[in-house]
Each structure stands twice: as C-alpha cells, then as structure tokens.
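> Take a look at the following structure, please.
There are 2 protein chains.
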Amino acid sequence: MRLRHVKMANNIIEASPYIVLDPFSYCSKWKELFGNDNPIHVEIGMGKGKFIIEKAINNPDINFIGIEKFDSVIVRALQKVNDKEIVNLKFIREDAFNVDKLFNKEVERIYLNFSDPWPKKRHEKRRLTSYSFLQKYDIIFKDKKYIHFKTDNRHLFEYSLISVTDYGYKIDSLSLDLHDDNLEDNVTTEYEEKFHKKGYPIYKMEISRN
Amino acid sequence: MRLRHVKMANNIIEASPYIVLDPFSYCSKWKELFGNDNPIHVEIGMGKGKFIIEKAINNPDINFIGIEKFDSVIVRALQKVNDKEIVNLKFIREDAFNVDKLFNKEVERIYLNFSDPWPKKRHEKRRLTSYSFLQKYDIIFKDKKYIHFKTDNRHLFEYSLISVTDYGYKIDSLSLDLHDDNLEDNVTTEYEEKFHKKGYPIYKMEISRN
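Chains A and B, in that order, give the protein sequences.
For reference, each letter of the first sequence is one residue, going 0 to 209 in numbering that gives the first Met the number 0.
For reference, each letter of the second sequence is one residue, going 0 to 209 in numbering that gives the first Met the number 0.
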C-alpha cells in the first residue's frame, strides 16, 4: 500500500468497533470483554475474514477472535461487517508470534487456515504448526486442545502432520481432498474458494490433545 | 483361475525353491533358514513381486520375505525369479491374518504396498493398518518397529494415518505425492507404475515406534 492508503487503512481500523485496540490488556479478561462465559475460538491469520465472519454469524453461542497482522487485509474484513452487528466477533491486529501474550488459558479451539507455508528450512519456526508455536498454544488453551487446520500447500500439510503428532496431538479427522468429501459444514476462506476452483486438493485435519 | 490353471499354479509354486512350503515351522527359526543373522524385512501382500524382488537384489545384506495369499499372483512373481538365484529372498503363500504365527520377534521392517483398502466400515479389521493388525505386528517385530506404507487409495491413507499415530507410531517421513518428490531410491510396484501413469498421486509414509 502507498502511504495515503496506509493512513486510510489505519483510520478505518482504529475507528471500528470490531477491533480490539489494546488486546494485551484483555489477556485473562476476554470473557469480560464479551460479557459472557461462552467458548472462545481463535483464528490465527484470518486474512480477509470470510471464514471467521461466517463462523461467528452461524454460531452465536461461541465467541470468535480473528488475529491478523496486515492492515491491508484487515480492512477487507471490516468492509464485510461494518453494516452488521455481530456481538460475538472481534479482531486483533497483531503478529501471530505474540499469541501467547494475548490469552491465558482462555481458548477452546484454534483455526489455522491457509497459513503461510514458510517453505525454507531456516524459517521453520515461523510455521504456525512448528514446535515453537505448538508450545505457545499450550499457554493459551483453556483445557483440552483443539486445532482445525486447512491448507492447499502439500509440503506444509506433510510437515504439519509430522509436527503435531510428534508433539502428542491425536488426529480426530483428516481429509486429503476436502472438497471431494462433500462436507456440508465446511466454511470456506477466500483463498480456499480460489484454489479449489483451480482444481487443487484442499487438505484438512482436526486434531486434539488432553 | 479355472481348475486346470489352479492345478498348474499349485505345481509351479510347490516346485519353486523360493517358496517356503511349511512356513509356520520356521517361526523363531528364520535365521536358520537363511543361514545368517541379517535383518529380515517382510512385505505383506507382495502381489506380483516386483517390489520385493528388486529390494532383495539391491540389498543382499537384508533377507526379504514376501507374503501373498493368491496363487495367481505368486506364480507371476516366480516367473520373475526362476532364472535367478537370489539367496536372500523367500515367498510365503499365506493369509496376512496369520502373520503373527509366522514370526516371533524376528522382523525389522514391514512393507505394506497398495494393500486392499477394504472400504466398508464392517471390514475395517481386515485393513493392514487397523488396530488388530498393528497388534499382530507387535508380536513379529524384533525390537524397534518400522513400517513403510504406500498406497494410491486416499481413504485408506487417511484412515491409516489416524490409526497408526493413534497406536503410538511416529511419522518419520511423509509424501502426499510421492512421484512429484523425485525420490531416487523409490522402488515401485506393478500397481504403482500403472497408477502413477494415470496421473493419480501416490501416498507414502515411513513410521516407527519403540
């Protein structure tokens, strides 16, 4: 984005009721923000927000929080909800790396959708299913740990399957061609729609750990 | 096969030096049969034998045993080796179900290639990666357990990944499109060649457990 656009995006973001501007101050206090004890589900790297917005609308008894680093895509998510009042949805503008400082045993499920594959070996730690991120998730999960992971990137999926099972997660369900399985309740992301139309398989796993 | 063919196949099989006609009598004594202490690798469901024959020729310091139930395919394997003398290769005509009565803490690696997927839920126990077969393998493995598994069947691979990790196996390596990975040391089966040419992905995992 050019400077003018950056400023505009920043103004839109800071004015939105969906954005939690000082999210670290809510660590251990997210139920106060939502005003209820409903489960909290977090999408790390929500992108343009289609997935988490649909999830929030369809599941009013769950609180959804989307984390996204880039203003340019957050504003696209805000455009989708500005004319709506979705009380169980919040967005955080933050780097995924700090997720363990945003929550303290408060999260019941994490969604990872089409995360950056970081293909180079030296960037392994940045992958959201690496050992170091799985350690961070242990801090934010309330009790039993549930992760739903989707990607079109074969190598990231192979890596992730090895990484999470090695860490102790059990695979509850698995699809190596999600859209061929006709799952009725699959909520898609923008990226997923585009990739599926090109005929590429979408990989998905749901995993859990006590 | 018609009766005449069945008889012919039976005659060919019983006359072959590669066939161990009374395999159960060698349980706990396979090293005596081979006359050495070399590791024993077993392929369960070897089909027409291309894979295990190539493996045996390329690895003279490992003893290979192929198990196959059907005479019609065993004779095809024998046709490939009748003019050769491969001292580290034996075939067993037996149902995989009895594998735990064929070996007693003697096997170092199991190969499962393009196993019957048994897609119906009520046939789950017949899948070679089911809980009941993994229990049988515990009996035949010498020490650390190594399984190499290849298939073109997506649902069998999904099932197997869940089953083996749930059982406690670690995934050492994984490919969701084996032939796209240009693995130099991949020894193919007849079935694999045919399927790969049709453009279908071949799935592979190498797993282990202490």
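For each residue, glycine too, the CB sits at the ideal point set by N, CA and C.
Predicted model, so just to flag it, every value in this text is computed and none were measured.
Can you tell me which residues form a DSSP beta bridge with Ile91/B?
Looking up residue 91/B in the second sequence gives position 92. Partner(s): Ile66/B.
> Please classify Val98/A: is it buried, with 16 or more other beta-carbons within 10 angstroms of its beta-carbon, or exposed?
Start at 1 with the first residue of the first sequence, and residue 98/A comes out as number 99. By the 10 Å Cβ count, Val98/A comes out buried.
> Give the residues from the region 133-165 of chain B that approach chain A closer than 7 Å (Cβ to any Cβ), ordered along the chain.
Cβ contacts with chain A: Arg153, Phe156, Glu157, Leu160, Ile161, Thr164 and Asp165.
> What residue ranges within the region 123-205 of chain B form continuous beta strand (DSSP E) runs of no fewer than 3 residues, ordered along the chain?
Fully enclosed beta strand (DSSP E) runs of 3 or longer: 144-150 and 169-174.
> Any contact between the region 45-53 of chain A and the region 183-200 of chain A? By contact I mean 3 or more CB pairs, one from each, below 8 Å.
Output reads yes: the region 183-200 of chain A touches the region 45-53 of chain A.
> Counting only Cβ-Cβ distances shorter than 9 Å, please list the residues of the region 167-190 of chain B near chain A, keeping chain order.
Taking 9 Å as the Cβ-Cβ cut-off against chain A, the residues of the region 167-190 of chain B that qualify are Tyr168, Lys169, Ile170, Asp171, Ser172, Leu173, Ser174, Leu175, Asp176 and Asp179.
> Per DSSP, what kind of secondary structure is Ile39/A in: helix, strand or coil?
The count along the first sequence starts at 1 and reaches residue 39/A at position 40. DSSP places Ile39/A in strand when its eight states are reduced to three.
> Quick one: what's Ile18/A bridged to in DSSP?
For the purposes of this step, residue 18/A is taken as the residue at position 19 of the first sequence. Partner(s): Phe90/A.
> Roughly how many whole angstroms lie between the Cα atoms of Val41/A and Lys54/B?
Your numbering for residue 41/A matches position 42 in the first sequence. Your numbering for residue 54/B matches position 55 in the second sequence. Cα-Cα distance, rounded: 49 Å.
> When burial is assigned at 16 or more other CB atoms within 10 Å of the CB, is Ser159/B buried or exposed?
One-based indexing of the second sequence puts residue 159/B at position 160. So Ser159/B counts as buried.
> Looking at the secondary structure, which residues open and close the alpha helix (DSSP H) in which Ile51/A lies?
Position 52 of the first sequence, counted from the start, is the residue given in the question as residue 51/A. Looking at the DSSP string, the run of the alpha helix (DSSP H) that includes Ile51/A is Lys49 to Asn57.
> Return the residue from the list Phe156/B, Arg3/B and Ile64/B that minimises the CA-CA distance to Glu105/B.
Position 106 of the second sequence, counted from the start, is the residue given in the question as residue 105/B. Glu105/B has its Cα closest to that of Ile64/B, out of Phe156/B, Arg3/B and Ile64/B.
> What are the residues that DSSP puts in a beta bridge with Arg108/A?
On the first sequence, position 109 is the one that residue 108/A refers to. Answer by DSSP bridge pairing, in chain order: His40/A.
> From this set, Glu183/B, Asn58/B and Asn81/B, which residue's C-alpha is nearest Ile11/B's C-alpha?
As a first step, residue 11/B is located in the second sequence; it is residue number 12 there, counting from the start. It is Asn81/B whose Cα lies nearest to the Cα of Ile11/B.
> Can the beta-carbon of Thr150/A be found less than 8 Å from the beta-carbon of Phe113/A?
Taking the first residue of the first sequence as 1, we reach residue 150/A at position 151. Taking the first residue of the first sequence as 1, we reach residue 113/A at position 114. Going by C-beta atoms, Thr150/A is nearer than 8 Å to Phe113/A.
> Note down the Cα distance separating Ser172/B from Leu20/B, rounded to an integer number of angstroms.
Residue 172/B sits at position 173 when you count from the first residue of the second sequence. Residue 20/B sits at position 21 when you count from the first residue of the second sequence. Cα to Cα, Ser172/B sits roughly 36 Å from Leu20/B.
> Can you tell me whether Ser114/B is helix, strand or coil according to DSSP?
Taking the second sequence and counting its residues from 1, one reaches residue 114/B at position 115. Here Ser114/B sits in coil by DSSP.
> Hey, how far is the Cα of Arg3/A from the Cα of Asn9/A?
Reading the first sequence from its first residue, position 4 is the one you call residue 3/A. Reading the first sequence from its first residue, position 10 is the one you call residue 9/A. So the two alpha carbons sit approximately 10 Å from each other.
> Use the C-beta contact count for Val86/B: other C-beta atoms within 10 angstroms, 16 or more gives buried, fewer gives exposed.
Translated into positions along the second sequence, residue 86/B becomes position 87. With fewer than 16 Cβ atoms within 10 Å of its Cβ, Val86/B is classed as exposed.
> What does the Cβ neighbour count give for Asn35/A, buried or exposed, with the cut at 16 atoms within 10 Å?
Taking the first residue of the first sequence as position 1, residue 35/A is located at position 36. It is exposed - the Cβ of Asn35/A has fewer than 16 other Cβ atoms within 10 Å.
> Do Lys203/B and Ser174/B have their beta-carbon atoms positioned less than 8 Å apart in this structure?
Position 175 of the second sequence, counted from the first residue, corresponds to residue 174/B. Position 204 of the second sequence, counted from the first residue, corresponds to residue 203/B. Result yes, Cβ atoms of Ser174/B and Lys203/B sit closer than 8 Å.
> Enumerate in chain order the residues of its own chain whose CB-to-CB distance from Glu107/A is below 7 Å, with the five nearest sequence positions on each side excluded.
One-based indexing of the first sequence puts residue 107/A at position 108. Correct list, in chain order: Pro38, Ile39, His40, Lys141 and Tyr145.
> Could you say which of Met7/B, Asp179/B and Asn152/B lies nearest to Val72/B if we only look at CA atoms?
Walking along the second sequence from the start, residue 72/B turns up at place 73. Nearest of Met7/B, Asp179/B and Asn152/B to Val72/B, Cα basis: Met7/B.
> Cα-Cα, which of Asp184/A, Arg208/A and Glu192/A is closest to Asn57/A?
Taking the first sequence and counting its residues from 1, the one referred to as residue 57/A is at position 58. Answer by Cα proximity: Asp184/A.
> Between His154/A and the rest of its own chain, which residues show a CB-CB distance below 7 Å, the 5 nearest in sequence each way excluded?
Looking up residue 154/A in the first sequence gives position 155. Taken in chain order, the residues that qualify are Pro116 and Pro118.
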